[in-house]
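What follows is a set of notes on a single structure, which appears directly below.
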DNA sequence: CCCTTTAAGCTTTTT
DNA sequence: GCTTAAAGGG
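In the numbering used here, the protein residues as written are 30 to 641.
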């Protein structure tokens, strides 16, 4: 039994020192909104708060803390950090999940609390575009031919998610919802994530007993990346926890509000403060960036409509540390030269506003001449997060290098989670599976030594997939049930891995590590870089063409610029290129986004360098 | 078959 | 607002 600490005796774990407002946030019992800028240590704050609540029993055993994030990896990271800070006995009372997982768990557990007409079939599938399209056609409210395909999807989404339940107003949703809830014409029931959120909210709204049980389970709630919360998500949170004794800690940064175009609520900070009587506090440390970079970030506060706050930097820096450059190039060759020249440090990232492929062709080419690999991460990042790809990679690594403890951990962990077998509870089945594992590893090792073409690689990958068994994989990872999602992931994995194999030949460890991106400079969009940090960041294409939507969404684009800038620890460079020969209309301009140039030229901390 | 016109996509996650 | 792909016209 882990020891309970008296609140006044509690200290942050692992020697972490919390700034004043963070310390106050950890100890406050009321609802609070924490505005935490880049590098403020959001994850650490939440992990320490979890530690405080659990170790002092302020979160009264057996009550739990619920942490809600947007992305799986964010939820996972937070869980890991809490486990690390306060151990697994307390950590098990910390539930970290995504909004969708939270809503779905409510729906799946309390499906029978819904009235018959709103209750989806138990075997519903999720987000199947074909079924949704058929449902709308069948409901026949309008002629889909009058809409363009892209607009049609938006329309479906709008109609489905603006439907209020119980059905009261006559709208299109009323006719489509029943089809999707129950299935039709041999189609299974199909829900969208938004429908799941709406149904979960309705369950809580109409069942006081379930709500009470939820409130009893979770005495404390953490909301991460709060600035990205959509109206539906906020409504769910509100129905669950408004006017309750559960205490909510919402953490976010209005300066990094770059998801409005995807439906994030613009007023969620104010709404939360007034509707949950939440106080507001602000963190003033930036543990990430060097002083010159923080100075430039502060100079953006005016245009970001933020009060000027004296952000403090880490004392590991000298006040002159940090370097910011704006490179103005005539040609992409000159731009590529300066970037390839500068890329010596290891921890580097190249960012673009959008479509990185269009902006970085020449740079990749030049870096290759220097013997440095660089690649656009979009597809790789998706793939390497895919559970089946993680299993494949780890098993292939084990086949080559039998004594790799981390890989064994992944594989054995997956045997446990996929088949629910372990050496303690079900030793016979465990031994049998271990034997099969050794067989496939031998077979794999043998095959990997003599792969000659992409077909043979495909065959090998299929054998490994069959070792786990497709039905078992599908029941462990429900996302793989639908359509050809699973097959497509495998297909792309094989194709991209083959590309690496062609370059490294028989050095399989190298092939796999290259695939994981261990030795290449990542190139990505600003949106993908959110939450990440690098020693040096190059933002390529500070141009009107890249910020084509600036007129319509200046605030969001300013935030995007701010997000890019705040990824860098020490070196930040921007490039502008007069002629981009790889684009159809090569001539670039910067009059529309002149304010960014103005900022850099007048900041006193950035250098403008003309390349000729 | 080639040239012109039209319109979607661009920045995203989630079981 | 630019890029790309597909549809449309001669």
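Beta carbons are placed, not taken as given, at the ideal position from N, Cα and C, and that holds for glycine.
Predicted model only: the values in this text are computed from it and were never measured.
| Asked | Found |
| --- | --- |
| Have a look at residue 161 and residue 433 and give me their C-alpha separation to the nearest angstrom. | 46 angstroms |
| Which of the three DSSP states, helix, strand or coil, is assigned to residue 553? | strand |
| Quick one: what's got a C-beta closer than 6 angstroms to residue 154's C-beta in the same chain, skipping five residues either side? | 217, 219, 511 |
| Just to confirm, is the Cβ distance from residue 661 to residue 103 under 8 angstroms? | Here the chain comprises residues numbered 30 to 641, so residue 661 is not present and cannot be evaluated. |
| Pairs of beta-carbons, one from the region 568-578 and one from the region 411-430, closer than 8 angstroms: are there three or more? | no |
| With DSSP as the reference, label residue 401 as helix, strand or coil. | coil |
| Where does residue 350 sit, in a helix, a strand or coil, going by DSSP? | coil |
| Rounded to a whole number of angstroms, what is the C-alpha to C-alpha distance between residue 629 and residue 417? | 45 angstroms |
| I'd like to check one pair, residue 385 with residue 351: are the Cβ atoms closer than 8 angstroms? | no |
| Grab me the residues of residue 540's own chain with a C-beta within less than 6 angstroms of its C-beta, minus the 5 sequence neighbours each way, in chain order. | 529, 530, 533 |
| Tell me whether the region 396-406 and the region 429-449 touch, counting them as touching only if at least three CB pairs, one residue from each stretch, are closer than 8 angstroms. | no |
| Starting from the Cα of residue 554, find the closest Cα among 574, 581, 42, 593 and give me that residue. | 593 |
| So, is residue 535 buried or exposed, given that buried needs 16 or more other C-beta atoms within 10 angstroms? | exposed |
| Taking the C-alpha atoms as reference points, what is the distance between residue 494 and residue 519? | 9 angstroms |
| If you scan the region 552-583 from start to end, which runs of the beta strand (DSSP E) of 3 or more residues do you find wholly inside it? | 563-569 |
| Can you check the region 58-97 for any alpha helix (DSSP H) of at least 4 residues that lies completely inside it and give the ranges in chain order? | 71-84 |
| Near residue 249, what residues of its chain come up, given a Cβ to Cβ distance below 7 angstroms and the 5 sequence neighbours on each side ignored? | 82, 88, 94, 275, 276 |
| Specify, as a first and last residue, the run of the alpha helix (DSSP H) that residue 197 falls within. | No alpha helix (DSSP H) contains residue 197, which DSSP labels as neither H nor E. |
| Inspect the CB distances between the region 358-365 and the region 573-586 and report whether three or more fall short of 8 angstroms. | no |
| In three-state DSSP terms, what is residue 639? | strand |
| Report, in whole angstroms, the separation of the C-beta atoms of residue 642 and residue 45, which I expect to be a contact under 8 angstroms. | Any answer about residue 642 is impossible in this case: the structure gives the chain only from 30 up to 641. |
| Taking residue 575 and residue 381 to be in contact with their CB atoms under 8 angstroms, please state how far apart those CB atoms are, rounded to whole angstroms. | 7 angstroms |
| Note down the Cα distance separating residue 139 from residue 492, rounded to an integer number of angstroms. | 39 angstroms |
| Quick one: grab the DSSP three-state call for residue 151. | coil |
| Buried or exposed for residue 355, going by 16 or more other Cβ atoms inside 10 Å? | buried |
| Taking 8 angstroms as the threshold, find out whether the region 203-214 comes into contact with the region 139-150 through three or more Cβ pairs. | yes |
| Would you call residue 286 buried or exposed, if buried means 16 or more other Cβ atoms sit within 10 Å of its Cβ? | buried |
| Opposite residue 280 in the DSSP bridges: which residues? | 63 |
| What does the alpha-carbon distance come out to for the pair residue 273 and residue 85? | 22 angstroms |
| Helix, strand or coil, according to DSSP, for residue 334 in the structure here? | coil |
| In chain order, what residues of the same chain lie with their CB nearer than 7 angstroms to the CB of residue 462, ignoring the 5 residues before and after it? | 444, 448, 450 |
| Taking DSSP as the reference, what is the three-state secondary structure of residue 511? | coil |
| In chain order, what are the residue ranges of uninterrupted beta strand (DSSP E) at least 3 long that sit wholly in the region 389-466? | 402-405 |
| Do residue 267 and residue 304 have their CB atoms nearer than 8 angstroms? | yes |
| Considering just the uninterrupted stretch of the alpha helix (DSSP H) at residue 607, what are its terminal residues? | Residue 607 -> not in any alpha helix (DSSP H); beta strand (DSSP E) instead, spanning 597-608. |
| In chain order, what residues of the same chain lie with their CB nearer than 6 angstroms to the CB of residue 111, ignoring the 5 residues before and after it? | 76, 79, 120, 123 |
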